[in-house]
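Asker: One structure coming up, written as structure tokens, with questions to follow.
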Amino acid sequence: MSKISIIIPVYNAEKYLEMSLNSVRNQTFTDYEVICMNDGSTDNSLQILKKYAEQDRRFKIYNQSNAGGSVARNNALKKATGKYIAFLDNDDVYHPNYLERLYENIEKYGADVSCCSYIRFEGDGNYKFNERENTEKHLFVSENPFIDKFRRKKKVETLMWTKLYKKELLEDIKFSEKLPAINDILFNIEVLLKAKKLVQIKEKLIAYRIIPTSQTMKKLTLNRLEEYRNLAIELKQLSKRYEKYNNIIEKITANYIYGMYVTEVKDKYKIADEPELYKKIAQNIAALKEQKIFNPQKLKLSRQIQLFFFLRKIKKTNEAE
Numbered sequence: 436m437s438k439i440s441i442i443i444p445v446y447n448a449e450k451y452l453e454m455s456l457n458s459v460r461n462q463t464f465t466d467y468e469v470i471c472m473n474d475g476s477t478d479n480s481l482q483i484l485k486k487y488a489e490q491d492r493r494f495k496i497y498n499q500s501n502a503g504g505s506v507a508r509n510n511a512l513k514k515a516t517g518k519y520i521a522f523l524d525n526d527d528v529y530h531p532n533y534l535e536r537l538y539e540n541i542e543k544y545g546a547d548v549s550c551c552s553y554i555r556f557e558g559d560g561n562y563k564f565n566e567r568e569n570t571e572k573h574l575f576v577s578e579n580p581f582i583d584k585f586r587r588k589k590k591v592e593t594l595m596w597t598k599l600y601k602k603e604l605l606e607d608i609k610f611s612e613k614l615p616a617i618n619d620i621l622f623n624i625e626v627l628l629k630a631k632k633l634v635q636i637k638e639k640l641i642a643y644r645i646i647p648t649s650q651t652m653k654k655l656t657l658n659r660l661e662e663y664r665n666l667a668i669e670l671k672q673l674s675k676r677y678e679k680y681n682n683i684i685e686k687i688t689a690n691y692i693y694g695m696y697v698t699e700v701k702d703k704y705k706i707a708d709e710p711e712l713y714k715k716i717a718q719n720i721a722a723l724k725e726q727k728i729f730n731p732q733k734l735k736l737s738r739q740i741q742l743f744f745f746l747r748k749i750k751k752t753n754e755a756e
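Count along the sequence shown starting at 1, add 435, and that's the number in this note's numbering.
This is the structure we're talking about:
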């Protein structure tokens with residue numbers, strides 16, 4: 436049994452996979468296993484994984500038919516034997532001290548979750564960390580992570596690959612299969628709800644690669660709009676399980692809906708060019724309001740006003756057709 440299980444879902448990642456795996460192999464903390472869940476890759480990814488597994492028995496390969504990142508991570512969690520869980524996407528890069536720093540803090544403070552910061556980068560090459568970026572040693576300990584994040588507005592990272600989790604914390608938390616591109620949002624909100632202690636450092640210990648062809652960077656589609664709707668529905672279900680925080684979760688839901696349906700759309704797409712996209716947004720917002728999942732009154736006034744004019748513009752365009 437290793438102290439840490441690192442979960443890496445892999446799908447057609449031959450271009451970047453070795454850089455990610457090397458960043459794991461170069462960790463200063465060495466007591467880990469790597470659960471590589473091959474999600475039906477059709478390129479050379481599986482051959483790359485086999486090469487690493489042959490060289491290092493800490494790398495373990497499992498295969499599944501292509502089912503997406505949520506299913507891959509859920510299946511990998513079932514295989515993990517470590518006391519703690521870390522995640523890595525198949526194109527991102529760990530700082531050499533990533534595991535050591537997060538493990539050191541989670542043990543020292545008896546936390547359920549240990550977090551770091553991250554840096555974004557573009558390009559096909561490996562990322563070289565600049566140690567001048569990691570001179571900030573500020574450390575924050577929270578004994579109510581959910582409240583600190585969403586009510587007190589403390590800086591708490593919500594991305595899964597910036598964290599080391601106590602495995603027992605995740606026993607009843609799964610990645611939603613209805614959220615293929617944004618599955619870590621719901622997952623980490625529930626993590627913050629369940630966690631009794633979290634420790635956060637500002638050091639940037641993981642590099643997140645920006646790829647134009649990734650799901651989150653692709654052009655907005657009707658399927659993605661449905662995924663946003665599913666997130667709101669799942670958050671509603673979460674609020675029923677954590678009734679004590681129902682009011683805050685309603686605010687979170689309202690702001691996510693505004694951000695995904697309004698902010699993400701209005702500055703990127705013209706209504707004249709994407710009438711079906713806008714029409715679907717209006718339909719989804721109306722349905723979520725009717726189902727009492729989205730309450731616009733939970734938004735600050737400026738957003739309520741912007742939402743009103745946004746929807747009115749869509750309505751006028753539809754009436755003019």
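Yeah, the Cβ is synthetic: ideal placement off N, Cα and C, and Gly gets one too.
(1) Just how far apart, CA to CA, sit N473 and K514?
(2) From L734 to R586, what distance separates their C-alpha atoms?
(3) Using alpha carbons as the reference points, say which of L736, F744, I582, D708 lies closest to A717.
(4) When the Cα atoms are used, what is the spatial distance from E468 to I441?
(5) Does the contact criterion of 3 or more C-beta pairs under 8 Å hold for the region 653-666 versus the region 625-638?
(6) Rounded to a whole number of angstroms, what is the C-alpha to C-alpha distance between S458 and Y533?
(7) To the nearest angstrom, how far is the alpha carbon of K703 from that of G694?
(8) How big is the Cα-Cα spacing for S437 and Y600?
(9) Just to confirm the assignment: which complete beta strand (DSSP E) runs, minimum length 3, are found wholly within the region 455-494?
(10) Just to check my reading of the structure: Y451 and N501 have Cβ atoms closer than 8 Å, yes? What is that Cβ distance to the nearest angstrom?
(11) When you compare the region 704-724 with the region 674-686, are there three or more beta-carbon pairs, one atom per stretch, that lie closer than 8 Å?
(12) Could you check whether I483 and E449 sit closer than 9 Å to each other, using their CB atoms as the reference points?
(13) Based on Cα-Cα distance, which residue from Y680, E539, N730 lies nearest to Y519?
(14) From L594 to I620, what does the alpha carbon distance come to, in whole angstroms?
(15) Helix or strand or just coil, what does DSSP make of L528?
Answerer: Let me lay it out:
(1) Here residue 473 refers to the residue found at position 38 of the sequence shown. Here residue 514 refers to the residue found at position 79 of the sequence shown. Annotation: N473 to K514 spans about 13 Å, alpha carbon to alpha carbon.
(2) Here the question's residue 734 lines up with position 299 in the sequence shown. Here the question's residue 586 lines up with position 151 in the sequence shown. One Cα belongs to L734, the other to R586, and the distance between them is close to 14 Å.
(3) Position 282 of the sequence shown holds residue 717. Ranking the options by Cα distance to A717, first place goes to F744.
(4) Here residue 468 is taken as the residue at index 33 of the sequence shown, counted from 1. Here residue 441 is taken as the residue at index 6 of the sequence shown, counted from 1. Each residue's alpha carbon lies about 6 Å from the other.
(5) The count of Cβ pairs closer than 8 Å, one atom from the region 653-666 and one from the region 625-638, stays below three, leaving the stretches out of contact.
(6) For the purposes of this step, residue 458 is taken as the residue at position 23 of the sequence shown. For the purposes of this step, residue 533 is taken as the residue at position 98 of the sequence shown. Roughly 10 Å between the two C-alpha positions.
(7) Position 268 of the sequence shown holds residue 703. Position 259 of the sequence shown holds residue 694. If I take the Cα positions, the gap works out to 13 Å.
(8) Locating residue 437 in the sequence shown gives position 2, counting from the first residue. Locating residue 600 in the sequence shown gives position 165, counting from the first residue. Those two C-alpha atoms are separated by around 14 Å.
(9) Whole beta strand (DSSP E) segments, 3+ residues: 467-474.
(10) Here residue 451 corresponds to residue number 16 of the sequence shown, with the count starting at 1. Here residue 501 corresponds to residue number 66 of the sequence shown, with the count starting at 1. Taking the Cβ atoms as the reference, Y451 lies roughly 18 Å from N501, outside the contact range of under 8 Å.
(11) No, they do not touch.
(12) Counting from 1 along the sequence shown, the entry for residue 449 is found at position 14. Counting from 1 along the sequence shown, the entry for residue 483 is found at position 48. Yes, they are a contact pair.
(13) Taking the first residue of the sequence shown as 1, we reach residue 519 at position 84. When only C-alpha atoms are compared, the closest one is E539.
(14) As a working note, residue 594 is residue 159 in the sequence shown. As a working note, residue 620 is residue 185 in the sequence shown. Cα to Cα, L594 sits roughly 7 Å from I620.
(15) What you label residue 528 is simply residue 93 of the sequence shown in a count that begins at 1. One detail in the question is off: residue 528 reads as Val in this sequence, not Leu. Residue state, collapsed to three classes: strand.
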